[in-house]
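The sequence shown begins at 1 in full-length UniProt numbering and counts up one residue at a time.
Before any comments, here is the structure.
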Amino acid sequence: MEALWILARAGGRAQFLVIFFNFARVCVLLRKARRRRLPEDGIKVSCLAPVPAIFSETVTSVDFSSRPFRVSSSDTVVHADSVVVATGAVARRLHFAGSDAFWNRGISACAVCDGAAPIFRNKPIAVVGGGDSAMEEANFLTKYGSRVYIIHRRDAFRASKIMQARALSNPKIQVVWDSEVVEAYGGSDGGPLGGVKVKNLVTGEVSDFQVAGLFFAIGHEPATKFLAGQLELDSEGYVATKPGSTHTSVKGVFAAGDVQDKKYRQAITAAGSGI
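Structure, rendered in structure tokens:
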């Protein structure tokens, strides 16, 4: 979105097909901020006015073999001399009984985003994963939860030694080895998560963990399938860019935000790369 606004302000002919589109919410938040009479000196906020056309559609294919580039959805074809790929990355989720019902009602994939919520304060929390992200999120959640369980399906972490040491030395963290979550349960009619059932993969025993939160920390999946060999991707599917820039393997095609950033994955860094 930052790239879109910058192009529009500069008088560029910004025509985009957006895969994950949350622009309406952005505009609502900006309008609320205006009603609070925040200072607008030097800040020109506009929503849809500067943009010639916005297509809230899913891109199905692209052709970057020659200019003008071709970007296609099921209903629309757009030709452009330059393209900014800013489709982001989606946190991987596990699916088991109750996982969808309690999504955003205690189950999340972002401890930094949601971990400080009042529903988790001074209550047990569980994290699923075994990499650096799981260690980092578990340590972060100890600031708010009474105890943090790390549930891992193997008997050893794949996280770096230093991240493992930090987690294993934290007295508020308890590791549940060789196990996976098989069910989430809680209040009905929109009530919060009450706990999870965890199966030991060695013994087959199922245990009950009464937790207020369950956080997935099992990586992210970049939204790059539609690129289908048109751009160079790294081993994890992220768009490869030249170090310190948004330039991709094709001249005139740029990548911004989480689709090329697997390190920070924050709104501020995504917006910065869009500029």
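Virtual Cβ for every residue (Gly too), placed ideally from N, Cα, C.
What you are looking at is a predicted structure, and each value in this text was computed from that prediction instead of being measured.
{"Asked": "Whole-number beta carbon distance between residue 151 and residue 167, since they are thought to touch under 8 angstroms", "Found": "Not confirmed; about 13 angstroms, so no contact."}
{"Asked": "Residue 129 burial status per 10 Å Cβ neighbour count (16 or more: buried)", "Found": "buried"}
{"Asked": "Collapsed DSSP secondary structure at residue 242 in the structure displayed", "Found": "coil"}
{"Asked": "Separation of residue 64 from residue 250, as counted between CA atoms", "Found": "7 angstroms"}
{"Asked": "Residue 155 versus residue 57: straight-line alpha-carbon distance, rounded", "Found": "44 angstroms"}
{"Asked": "Meets three-Cβ-pair contact criterion under 8 angstroms: the stretch 198-209 and the stretch 172-179", "Found": "yes"}
{"Asked": "Contacts around residue 108, its chain only, beta-carbon distance under 6 angstroms, and the 5 residues preceding and following it disregarded", "Found": "114, 215"}
{"Asked": "Alpha carbon of residue 198 to alpha carbon of residue 99, nearest angstrom", "Found": "13 angstroms"}
{"Asked": "For residue 165, the three-state DSSP class (helix, strand or coil)", "Found": "helix"}
{"Asked": "CB-CB length for residue 124 against residue 71, believed under 8 angstroms", "Found": "That pair is no contact at about 47 angstroms."}
{"Asked": "Straight-line gap, residue 260 to residue 89 (C-alpha atoms, nearest Å)", "Found": "9 angstroms"}
{"Asked": "Length at least 4, wholly inside the stretch 128-203: the alpha helix (DSSP H) runs in chain order", "Found": "132-141, 161-168"}
{"Asked": "Distance CB(residue 246)-CB(residue 240) smaller than 8 angstroms", "Found": "no"}
{"Asked": "With 16 other Cβ atoms within 10 Å as the buried cut-off, status of residue 220", "Found": "buried"}
{"Asked": "C-alpha distance - residue 273 paired with residue 104, whole-angstrom precision", "Found": "28 angstroms"}
{"Asked": "Through-space distance from residue 227 to residue 87, alpha-carbon basis", "Found": "11 angstroms"}
{"Asked": "Residue from 146, 235, 224, 236 whose Cα sits closest to the Cα of residue 255", "Found": "224"}
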